[in-house]
Structures are given as structure tokens and as C-alpha cells.
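Take a look at the structure below.
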Amino acid sequence: MLSTKNGAPTTRALTQNTPLHVTPKNDIINQKSEVTNHTNGANFLERQLLCITGKDFTTDSITTILLHITQIPKLPLTAKEAIRTVAFILDHASSSKIADDIQNKLQASLVDSVSKHVTSALSPHIAQLLRTTEDFKNKLATIEKLRKDIEVKEVITQGILGASLECMEEAADGVLNNLEDVKNIIDTLTPSLESTQTKVNALHHLLLSTSSPSPFASQTLRAPPVQHFPPAHSYTCSAICSHQVLFNPSPGQSLYTAESSPTIVTDKLKAAVETLRREDSPPIDIKRVLRLNNGGLLIELDNEEAATWLKSKPIHNKLTDTLGIQVIIRDQTYQILLPFLPITTRINAPSTLCNIETENGLACGTITQAKWVKPPEKRAADQRVAHAILMLSNPMSANMLIRDGLYHRQDKLYPKKNKKEAI
1 MLSTKNGAPT TRALTQNTPL HVTPKNDIIN QKSEVTNHTN GANFLERQLL
51 CITGKDFTTD SITTILLHIT QIPKLPLTAK EAIRTVAFIL DHASSSKIAD
101 DIQNKLQASL VDSVSKHVTS ALSPHIAQLL RTTEDFKNKL ATIEKLRKDI
151 EVKEVITQGI LGASLECMEE AADGVLNNLE DVKNIIDTLT PSLESTQTKV
201 NALHHLLLST SSPSPFASQT LRAPPVQHFP PAHSYTCSAI CSHQVLFNPS
251 PGQSLYTAES SPTIVTDKLK AAVETLRRED SPPIDIKRVL RLNNGGLLIE
301 LDNEEAATWL KSKPIHNKLT DTLGIQVIIR DQTYQILLPF LPITTRINAP
351 STLCNIETEN GLACGTITQA KWVKPPEKRA ADQRVAHAIL MLSNPMSANM
401 LIRDGLYHRQ DKLYPKKNKK EAI
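The UniProt record's numbering applies: residue 1 is where the sequence shown begins, and numbers increase by one.
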């Protein structure tokens, strides 16, 4: 306390460096005042119209009351700012507590929910894993048993092989001894055979000189003559076929009309092919166009590269669009006529064709198709054999069968070139 000139006491203003005297909480509560507890405190606030009568006090409502108190007139600025600060701190503490409560509740509920979902999702997989593990154990046991069986079989097989080798050695020794005996017998009989052959020759000359020849003496049973093709002719036919492209139209369509001459057909086809050529296309020269009875065309080009290019899928599709007709390019086949084939042969079965190929040393797939010349329903009741046509994928195999014959079920047949081929 300070005194003025007239002796009246005065209060010294607090500065930044002046320490604030803080009264203990209990001393403040025990000071004489109208408000001594929460009940008369609530009544005081209601009389001052700072709160709503009958409404419970919450953190939010207390914060609002503090902010309303700051609006009381003539309230010192320091007290006003202090009350505002308490209001903000109380609001922040309330928000943090609410957030913590929400977090704790959400965490508890989420942990329980996630645990249930994870358990329900993993249960089938765990069960499947257990079943797989059990199956794996069973298979391991089976493999172990199989391994032991194989070891036992190997021991047995080695014993059998050893015994078989001994038997083979004994058999070989016996064969060698028999060969020596046969050689001795041949050496013994050779002089007698030479004498017998001399007497037979003399008797043969005597019969020829004393008897007239029989009209059937010159006739002998022999196989059909083997056809031999000159190499140059075979190579020429093969080269010509590799230069050809066969166009077959869809059923009901034709690549030419009855009035179209070969020249018109050739010019039309050349124009269509010319539109498909590119810089990297091979040179193309159509040497010949043969019109077929089914409305198709057999085209002969001047080189094999051009034929291969024309058969390629992209060019084939573009040519179909250019001609406006669905065209099928057939691969060249080489037909041979197979006479006197037993009618019990199932030539439409792939296994039959494969057996014929194996029996004659041909690669599987060489015979692409086989068919009877005459429909089976037109055969005679007592017919046992019929003519068939075989279609082969390369000319070398066709020429080999024509030259050497065809074996089927230990019987030899003599194929011929099919004269109805285009070339």
C-alpha cells in the first residue's frame, strides 16, 4: 500500500515484474459470499439470467455461461480475458475427452468386428490348408511305398536278367554247336546234291527233245509289272504341283460362268491378284487357269514362292473380299488308285490309315484321306474286294507306293496313278 500527499491509501498497479499473490483455493471458498455451493450458485446464475432454468450443466453450457459473463459491463479487462481463457481451455479439454471416448469406443468395436471378419474369412482357408497338409502326408506315404516297391522290383528284375543272360549264353552255345553239325552235314551231302542236279539236268534236256511243248508251258504266274518313272519326269510333276493353287467356291457359287472363256477368267483373276500386291510381294505370273466342274479353278503359277504367298491366310481373306465370293484354298494332294482292297477295310478310320503308313514306312499323316471309288451301297452281294483312292500329302510317297507296291495286313497291293488328277 502507498499513501498519497493527503495521507489516503492507494493501490499500486501490477506490472510485468510484480509477482501476483495467489490465495489458496480453500481460503477463497471460505470467504463470506452469497454463493457457497453449487445449489445457490445455480440459483444465482438463474437470477442473473446467465443460464436456462431447469437445464443440466454440461461442459458446453458452462463454457457458454463463462463467455456470457465476459459481456457484463464494467468488467475489468484482465478478468474478462481470464474468464475467456478458462472457457476456451474448458471447451478444448471437453473436446479432447470426447475424442478420446469416441476413439476408445470405436477401437473396441472395430477390434471386435475386424477379429470376427478375419476369423470368418480365414477359417475356410485354414481348413483347406489342413486338408491339403493331410493329403500331402498321405501322398508322401504312397510315394514312399511306391519307392520301396520299385526297389524290390529292381532286385527281382536284376535276378531275372542274370538268369536270362545265362540261359541265352547256353542257347547261343547250343546254336553254335548245331551250326557246326549242319555245316558237317552240308559238306557230306554236297557231292550227292551235285550228282543229283546233273542227272536232273540231263533228264530235263531229254524231255524237251522228245515231247512237244504244251500250249500253257510258256504261261507263268507273275506279279503285275512294276512301274518305274524316270527321275526327270517325277521331279517335273512334283515341281508343277508345288506351283499350283486350287480354289474351291462355297456350295452354290462359282468362280466363272458358262460363257466365260479361260482368257476372261485369267484376266479377272490377274486383276484381283494385282490389287493385293505390295513391294515385298514375290513376282506373280499366272501361266495357266483350269476350270473345274464344281465351279472352282486350278491356277498354275511360274514359281513356288508365288503359290505359297497366294495360299497365305491374309492374302486368301483379301482375295475373297475382292472376288466377292467365299473361296476355299485346298492343299494339293496326290492321288493313287489302290485296286482290289478288301471291303472289310475301314478306310475312313484314322487308325487304319496310320497302320498302313507304319506298315509301308511312311510318316504319320502322309495319307490325308481315303475313299472308295464306288459307293458301298452299290456293291454286289458276293463282292469281297473293291477299288479305293488314297490321297497323299507329297509326291515322293505316292511315287514310292506306285513303284514298290503297298503292303496291308501281310498282303501286297499294286497302286496306280489316278488318271482323274488335274495334273
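Beta carbons: idealized from backbone N, C-alpha and C, even for Gly.
(request) Note down the Cα distance separating LEU392 from LEU406, rounded to an integer number of angstroms. (result) 13 Å
(request) List the endpoints of the continuous alpha helix (DSSP H) containing THR266. (result) 262-274
(request) Name the two residues that bound the continuous alpha helix (DSSP H) containing PHE44. (result) 38-47
(request) Mark VAL265 as exposed unless 16 or more other C-beta atoms lie within 10 angstroms of its C-beta, in which case mark it buried. (result) buried
(message) Need the endpoints of the alpha helix (DSSP H) that THR320 sits in, please.
(response) 313-323
(message) Which same chain residues end up closer than 8 Å to GLU170 when comparing Cβ atoms and leaving out the 5 residues on each side of it in sequence?
(response) none
(message) When you compare the CB positions of ILE347 and LYS371, do they come within less than 9 Å of one another, or not?
(response) yes
(request) May I ask which residues mark the beginning and end of the alpha helix (DSSP H) holding ILE299? (result) From DSSP, ILE299 is part of no alpha helix (DSSP H) but of the beta strand (DSSP E) over 297-301.
(request) Name the one or two DSSP bridge partners that GLN244 has. (result) GLU300
(request) Answer with buried or exposed for THR345, where buried requires no fewer than 16 other C-beta atoms within 10 angstroms of its C-beta. (result) buried
(request) May I ask which residues mark the beginning and end of the beta strand (DSSP E) holding ARG291? (result) 286-291
(request) Would you mind working out which of THR85, THR39, THR64 and PHE247 sits nearest GLN332, comparing C-alpha positions? (result) PHE247
(request) Identify the continuous alpha helix (DSSP H) that holds ILE29 and give its terminal residues. (result) 25-30
(request) Measure the C-alpha to C-alpha separation of HIS38 and ILE98 and round it to an integer number of angstroms. (result) 24 Å
(request) Could you tell me which of ALA349, PRO339, GLN410 and SER61 sits nearest to LYS417, measuring between CA atoms? (result) PRO339
(request) Tell me whether VAL273 is buried or exposed, calling it buried when 16 or more other Cβ atoms sit within 10 Å of its Cβ. (result) buried
(message) As a quick exercise: from ALA306, VAL289 and GLU305, pick the residue whose alpha carbon is nearest that of LEU298.
(response) VAL289
(request) Examine the Cβ distances between the segment 59-73 and the segment 89-96 and report whether three or more of them are shorter than 8 Å. (result) yes
(request) Note down, in chain order, each residue of its chain lying with its Cβ closer than 8 Å to the Cβ of GLU305, except the 5 sequence neighbours on either side. (result) PRO282
(message) For ILE69, report the span of its beta strand (DSSP E) as first-last.
(response) Premise fails: ILE69 lies in the alpha helix (DSSP H), 59-69, not in any beta strand (DSSP E).
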